[in-house]
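To start, the structure itself, in structure tokens.
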Ligand SMILES: *[C@@H]1O[C@H](CO)[C@@H](O)[C@H](O)[C@H]1NC(C)=O
Ligand SMILES: *[C@@H]1O[C@H](CO)[C@@H](O)[C@H](O)[C@H]1NC(C)=O
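In the UniProt record's numbering, the protein residues as written are 1 to 438.
Right, dumping it as structure tokens:
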């Protein structure tokens with residue numbers, strides 16, 4: 001008992017909030033502490049009540065320490081590269097940056113992909129602003145420009161603090177080195193994207209069709225999307241030990257409209273009462289904004305129970321489905337609608353029938369795809385395994401940090417975001433002048 005109390009206390013101290021029975025946010029929220037309990041970034045992971053165990057806490061601690069060490073090393077390289085390039089006429093080649101971080105071709109391809117359009121531009125780009133963003137950083141601030149170091153000192157609301165913390169770990173490790181600090185960048189935090197971004201900006205996700213646009217991806221809100229991946233080995237069983245069933249549990253995030261394709265509401269309306277015993281879908285909780293969801297709530301499932309099924313449905317909520325990363329990492333096979341949003345996971349590299357079993361946006365073929373998987377068990381197992389193999393590339397902490405650092409280096413090298421009282425300036429709230437919302 002004492003142990004449990006200690007773990008809970010540690011969890012609170014470290015800003016983890018455990019969901020103890022029926023709170024609104026279904027699951028564990030890394031980095032969402034008591035002071036951060038209001039967040040517009042609601043997790044839509046399967047209900048994983050009480051999952052966290054002392055061993056898992058130790059793993060999280062170890063991971064954080066490794067991450068921090070990897071970051072300080074990468075930082076010295078960023079600092080050196082950015083400063084030696086300050087007055088160069090042309091930006092460094094991405095491949096040259098990758099070599100400095102010791103990244104192989106596969107990792108370097110990821111650096112390019114995250115950079116979007118910026119990767120193939122051979123000119124440096126200047127953005128002049130009347131002033132940098134000041135005030136409290138909120139997701140409502142849309143795109144904002146700020147000095148890399150000021151970003152880490154400015155006040156931020158709880159939702160943005162989660163994003164910012166991931167970014168600032170890099171910068172904080174640099175304390176004492178003023179050089180990086182006077183470089184500025186453009187950011188947008190939160191789950192929303194824009195139809196158009198007029199300058200290269202750091203985002204967590206982007207629409208796949210805009211992958212060669214101004215959306216530069218970083219591993220923001222890391223714990224929400226990747227925290228569960230580390231828990232998979234402890235919860236998973238082999239394919240042959242799994243039951244033949246498709247399961248889905250999640251909160252009623254996203255659009256509350258059962259007649260709108262690819263919404264969780266459409267999914268539950270069509271399959272909550274399914275006569276096929278192999279299909280078990282339901283909300284683990286109905287959120288306030290969606291009363292209609294209440295009639296589709298089923299008891300939550302632990303990760304262990306979800307992964308005892310061969311087929312795990314992944315459904316988009318507000319943004320990318322946060323269950324995708326751990327479903328892929330498991331021995332189960334994900335079923336999902338072809339994603340249109342990509343994140344640090346690089347969903348654009350995932351292929352239907354190779355890494356997941358595709359379903360129609362209106363879920364109309366869910367039953368027949370389950371039937372296919374039952375009839376082609378070896379194939380389904382092979383797809384499950386390929387998804388797990390795909391996840392291997394994200395496994396090495398040092399490599400992940402170096403990839404992030406290379407993205408940041410390339411950005412700071414290519415972008416000159418500065419203030420100017422002269423012509424051609426816009427103010428720090430860029431969305432007013434250059435962003436359209438979808
Ligand atoms: C490169 O950046 C400049 C702005 O500095 C822009 O005008 C140009 O369109 C970009 N080129 C490509 C290929 O994106
Ligand atoms: C909804 O999805 C179905 C296929 O799953 C497609 O035929 C239909 O055109 C989609 N409807 C809309 C409005 O996009």
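Each residue gets a CB set at the ideal place from its N, CA and C atoms; glycine is no exception.
Decide if residue i is buried, meaning its Cβ has at least 16 other Cβ atoms within 10 Å, or exposed.
i, result
"residue 320", "buried"
"residue 355", "buried"
"residue 162", "buried"
"residue 387", "buried"
"residue 38", "Per-residue confidence for residue 38 stands at a pLDDT of 29, beneath the threshold of 50, marking its modelled position as unreliable; the derived number appears in the next sentence. Under this definition residue 38 is an exposed residue."
"residue 344", "buried"
"residue 372", "exposed"
"residue 233", "exposed"
"residue 164", "buried"
"residue 291", "exposed"
"residue 51", "With a pLDDT of only 42 at residue 51, under the threshold of 50, the placement of this residue in the model should not be trusted; the figure read from the coordinates follows. With 16 or more other Cβ atoms within 10 Å, it is buried."
"residue 93", "exposed"
"residue 413", "buried"
"residue 155", "exposed"
"residue 254", "buried"
"residue 471", "Given a span of 1 to 438 for the chain in the structure shown, any question on residue 471 remains unanswerable."
"residue 342", "buried"
"residue 376", "exposed"
"residue 222", "buried"
"residue 395", "exposed"
"residue 206", "buried"
"residue 104", "exposed"
"residue 81", "buried"
"residue 334", "buried"
"residue 351", "exposed"
"residue 451", "Because residue 451 is not part of the residues shown, which for the chain are 1 to 438, the question remains open."
"residue 188", "buried"
"residue 91", "buried"
"residue 224", "buried"
"residue 403", "buried"
"residue 378", "exposed"
Based on the DSSP output, what are the partners of residue i in its beta bridges?
i, result
"residue 311", "246 and 333"
"residue 184", "147"
"residue 419", "129"
"residue 113", "None; residue 113 has no bridge partner."
"residue 203", "217"
"residue 156", "137"
"residue 407", "According to DSSP, residue 407 bridges with nothing at all."
"residue 297", "283"
I want to check one thing, is the minimum distance from the CB of residue i to the heavy atoms of ligand 3 below 7 Å?
i, result
"residue 299", "You won't find ligand 3 in this model; what it holds is ligand 1 and ligand 2."
### Task
Please list, following the chain, all residues that have a C-beta closer than 6 Å to any non-hydrogen atom of ligand 2.
In chain order, the hits are 261, 360, 361, 362 and 364.
### Contiguous beta strand (DSSP E) assignments of at least 3 residues, all confined to the segment 224-291
Qualifying beta strand (DSSP E) stretches, in chain order: 243-251 and 279-285.
### Task
Tell me the start and end of each unbroken alpha helix (DSSP H) in the segment 315-400 that is at least 4 residues and wholly inside, in chain order.
Listed in chain order, they are 324-329, 366-375 and 377-392.
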